[in-house]
Ligand code: AMP
Ligand code: ZN
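Numbering (this note's numbering), first residue to last: 89 to 561.
Structure (structure tokens):
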């Protein structure tokens with residue numbers, strides 16, 4: 089087991105308490121995180137992708153603090169209906185019907201596309217990707233447990249969870265249940281309360297579904313909320329440390345996850361609920377997969393942007409703030425990102441000074457990240473550090489390497505802004521070679537003269553102990 093850095097306090101904003109809390113894991117030295125994954129009936133849009141950047145930051149920070157992290161991201165490849173009210177079509181089946189491909193092909197294709205997207209964004213793969221369709225027996229078992237605790241009832245179209253029987257239903261969202269259920273129409277599905285949700289849906293009698301399974305209640309497929317809980321129980325245990333997702337999941341999906349999990353086990357399901365705020369197109373328009381107004385990572389690449397510049401853009405705002413996306417905003421982010429990398433490229437690792445100051449930057453950077461993942465503050469500190477004349481290149485590069493391990497901006501990879509890579513002409517390299525020889529022979533006057541000549545051509549020579557490099561001025 090790893091030895092966690094116990095001297096550093098990590099605070100996280102917990103949606104359950106609506107406040108920042110000090111993080112204490114269930115098992116010392118270990119953290120179990122679950123992140124609700126995408127519904128794989130289409131590409132992830134850039135809003136969806138934003139919701140995977142902050143858990144990535146969190147995970148890498150926890151690892152830096154010495155925790156062993158077990159992280160699961162799932163793929164919703166079945167049962168996510170077009171309406172949150174358990175009506176409408178299954179999105180994957182619908183996409184299959186529309187495209188003529190099989191539901192299995194559709195979900196596999198978009199799951200792979202999602203993996204490619206997050207890889208381009210330097211988001212580390214979880215310990216395990218789980219697929220809802222691979223946990224059907226566990227989901228059926230969970231429904232049976234809830235049934236035996238009399239938390240369910242059957243209707244003509246499925247098995248439903250009776251939210252009125254779970255005393256604290258809606259505590260995460262601070263839902264006003266009476267208000268929510270007041271004046272509701274008795275729904276076509278025979279639901280007793282508007283907030284009740286399907287655990288198991290029956291296959292329609294007049295329709296052959298591609299994804300359906302036998303169950304004690306009849307042939308059908310699991311309700312969407314069930315899968316996350318079943319996979320958490322199977323992969324992480326009955327109580328976990330951290331659960332993440334977008335804010336849209338608070339009132340329904342996560343409220344339902346808590347209800348079914350805690351009714352089944354009698355234990356607290358999740359200690360820290362972290363929710364990322366939405367990426368919006370402007371102050372009004374949310375980006376939604378079903379709304380048809382979504383931009384994918386590929387769209388950004390096609391427009392000539394770097395995927396990492398998009399990551400940089402997402403880190404410029406706190407994960408709990410709205411991020412208003414525009415191509416102008418992305419362009420400024422990319423310009424800043426490349427400028428930062430150019431400055432880093434020009435650092436001289438042979439120069440060492442300001443160790444105390446560097447230690448102070450180190451502390452401030454860690455404090456910023458440990459303060460509920462304040463990435464914008466950390467980015468500001470990175471800029472300050474890179475431009476600080478009192479800190480040597482060696483110290484800067486050490487810190488940058490360390491924090492880029494968390495921010496994952498590829499700050500030391502200079503291959504993605506080719507327009508800034510300036511070839512050093514052969515004549516300049518020859519002047520530099522001659523200068524190095526004069527230097528070795530302690531012929532300082534000639535060595536200085538050659539340095540000026542090199543400088544007049546727009547380049548500088550950086551001397552390290554046993555070698556030198558020539559870079560653009
Ligand atoms: P979905 O594929 O719809 O289940 O969504 C995958 C993840 O993206 C979930 O965590 C959602 O909460 C999140 N999400 C959906 N829309 C947005 C958005 N516009 N901005 C940020 N996150 C989003
Ligand atoms: Zn989920």
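Here a beta-carbon is modelled for each residue, glycine too, at the ideal position from N, C-alpha and C.
The structure presented is a predicted model; accordingly, all values stated were derived computationally and were not measured.
query                                                                                                                                                                   : result
Would you report the Cα separation of residue 143 and residue 521, rounded to the nearest angstrom?                                                                     : 49 Å
In the DSSP assignment, find the unbroken alpha helix (DSSP H) run with residue 524 in it and report its ends.                                                          : 514-528
Does DSSP put residue 547 in a helix, in a strand, or in coil?                                                                                                          : strand
Taking 8 Å as the threshold (C-beta atoms), are residue 438 and residue 550 in contact?                                                                                 : yes
Per DSSP, what are the beta-bridge partners of residue 246 in this structure?                                                                                           : 243 and 289
Nearest by alpha-carbon distance to residue 415: which of 134, 116, 328 and 321 is it?                                                                                  : 134
Tell me whether residue 345, by its Cβ, gets closer than 7 Å to a heavy atom of the ligand SAH.                                                                         : Absence of the ligand SAH is noted for the structure shown, with the ligand AMP and the ligand ZN being the only ligands found.
Find the nearest neighbour of residue 560 within the set 327, 311 and 516, judged by alpha-carbon distance.                                                             : 516
Which term fits residue 296, buried or exposed, when burial requires 16 or more other beta carbons within 10 angstroms of its beta carbon?                              : exposed
Apart from the five residues on each side of it in sequence, which residues of its chain come closer than 6 Å, Cβ to Cβ, to residue 433?                                : 502
Whose C-alpha, out of 529, 413 and 404, is nearest the C-alpha of residue 383?                                                                                          : 413
Beta carbon of residue 167: closer than 7 Å to some heavy atom of the ligand AMP?                                                                                       : no
Is the region 325-342 touching the region 354-363 in the sense that three or more CB pairs, one from each, lie closer than 8 Å?                                         : yes
Would you report the Cα separation of residue 314 and residue 101, rounded to the nearest angstrom?                                                                     : 25 Å
Could you check the C-alpha separation between residue 543 and residue 472 for me, to the nearest Å?                                                                    : 27 Å
Using a Cβ cut-off of 8 Å (strictly closer), state whether residue 458 contacts chain D.                                                                                : You won't find chain D in this structure, because it holds only one protein chain.
Considering only the beta carbon of each residue, do residue 247 and residue 240 sit closer than 8 Å?                                                                   : yes
Jot down the residue ranges of each uninterrupted beta strand (DSSP E) in the region 182-254, minimum 3 residues, whole runs only, in chain order.                      : 216-219, 240-243 and 246-249
Report, in whole angstroms, the separation of the C-beta atoms of residue 365 and residue 408, which I expect to be a contact under 8 Å.                                : 5 Å
I believe residue 163 touches residue 195 by the beta-carbon criterion, under 8 Å. Please report the beta-carbon distance rounded to the nearest angstrom.              : 7 Å
Please list the terminal residues of the continuous alpha helix (DSSP H) segment that includes residue 444.                                                             : 443-458
Going along the chain, which residues of its own chain have a beta-carbon closer than 7 Å to the beta-carbon of residue 480, five neighbours each way excluded?         : 439, 440, 441 and 442
Can you list, in chain order, every residue whose CB sits closer than 5 Å to a heavy atom of the ligand ZN?                                                             : 124 and 316
Between the region 390-406 and the region 203-216, do at least 3 Cβ pairs fall closer than 8 Å?                                                                         : yes
By DSSP, does residue 104 sit in helix, in strand, or in coil?                                                                                                          : coil
Is the beta carbon of residue 260 less than 8 Å from the beta carbon of residue 160?                                                                                    : no
List in chain order: all unbroken beta strand (DSSP E) runs of 3+ residues lying wholly within the region 309-395.                                                      : 328-334 and 358-364
Go through its chain and collect everything with a Cβ distance to residue 96's Cβ below 7 Å, but skip five positions before and after it.                               : 153, 454 and 458
Considering only C-alpha positions, which residue in the set 116, 491, 476 and 351 is nearest to residue 236?                                                           : 351
Under a Cβ-count criterion, where at least 16 other Cβ atoms within 10 Å of its own Cβ denotes burial, should residue 107 be classed as buried or exposed?              : exposed
Answer yes or no: do residue 564 and residue 99 have a C-beta to C-beta separation smaller than 8 Å?                                                                    : Shown here, the chain extends from 89 to 561; a query on residue 564 therefore has no answer.
Could you check whether residue 311 and residue 289 sit closer than 8 Å to each other, using their CB atoms as the reference points?                                    : yes
So, for residue 138: in the same chain, excluding its five sequence neighbours on each side, which residues have a beta-carbon less than 6 Å away from its beta-carbon? : 367 and 402
Using only the alpha-carbon positions, how far apart do residue 482 and residue 556 sit?                                                                                : 15 Å
For the ligand AMP, is there any heavy atom lying closer than 7 Å to the beta carbon of residue 414?                                                                    : no
Does the separation of the CB atoms of residue 494 and residue 282 fall below 8 Å?                                                                                      : no
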